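Numbering (the numbering used here), first residue to last: -9 to 277.
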């Protein structure tokens, strides 16, 4: 028979563990941890003998207390220290959750991002939150810092094995038009039509849901948006902002020989919690 004292100790232990888990998930992991997650992938239609290191910065959601400007500066320094050949910014640059203690505007964030450097360049796309809350300050921040913004845009990257075409699409859910209904500005067919037939293609698309429409000619699709669900335990995320749930929640996905890589991102959205899904800079080696 369990004594009252034993039961009380068990209750106190349970409450302590719950408090510790909550403190970790709501402060330590989202605000203090910063991982570098590495992948090595040789996708189809990739030039033989070409190696390219690509750093991905996704979902900064800059805003105190979880992503103060000093942490953005730290992310920039850590990314540069990886010495990637190419750096991609995958959208959602400002926090808009109700737990902000200081709002950080795009100009301040991009003053830090302007310090990113890579031999093949730094390029970016916009995320759904960037469109939802007034897109012009984000476009202006890209323009003022000289970082090319790809809104259904194409840029050929010069390599010793010939050009690799980087394309970036606009958000699929740029304009809310009803309950869980959106209008997108993405134009994948029109963007791909500007790439020469047979040329290797890297696609930057904020939402991984676009992957179901990506043809075989694209070597790899790079996305953010989901934050890995922010809570991810034993490879499962209970809530994922995707119509396909855990299918495209996080990591390297291969379907019918086509490759998708989803970053877990860096900031928080909606609820300020990360558990089992620490903020990450992704370093992808292609080839």
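Cβ coordinates follow ideal geometry from the N, Cα and C atoms, glycine included. Being a predicted model, the structure only gives us computed values, none of them experimental.
Taking C-beta separations shorter than 7 Å and ignoring five residues to either side along the sequence, the partners of residue 260 in its chain run 87, following chain order. In this structure, residue 212 sits near residue 78, with a CB-CB distance shorter than 8 Å. Out of 100, 76 and 179, the CA that lies nearest to the CA of residue 108 is found in 76. The beta carbons of residue 221 and residue 239 sit no closer together than 8 Å. Collapsing the DSSP output to three states places residue 123 in coil. The beta carbon of residue 249 lies closer than 8 Å to those of 31, 33, 34, 209, 210, 211, 242 and 243 in the same chain, with the five residues before and after it left out. Using a Cβ-Cβ distance cut-off of 8 Å, the segment 120 to 136 and the segment 86 to 106 are in contact, since at least three pairs of beta carbons, one from each stretch, lie closer than that value. By the Cβ neighbour-count rule, residue 83 is buried, with 16 or more other Cβ atoms within 10 Å of its own. Annotation: the segment 176 to 204 contains the following complete segments of the alpha helix (DSSP H) (minimum length 4 residues), in chain order: 178 to 182.
Looking at the DSSP output, residue 25 bridges to 270. In the structure shown, residue 221 adopts extended strand secondary structure according to DSSP, grouped into three states. From the listed residues 188, 268 and 179, the smallest Cα separation to residue 223 is found for 268. Rounded to whole angstroms, the separation of the alpha carbons of residue 181 and residue 142 is 6 Å. In summary, residue 169 is exposed, with fewer than 16 beta-carbon neighbours lying within 10 Å of its beta-carbon over all protein chains present.
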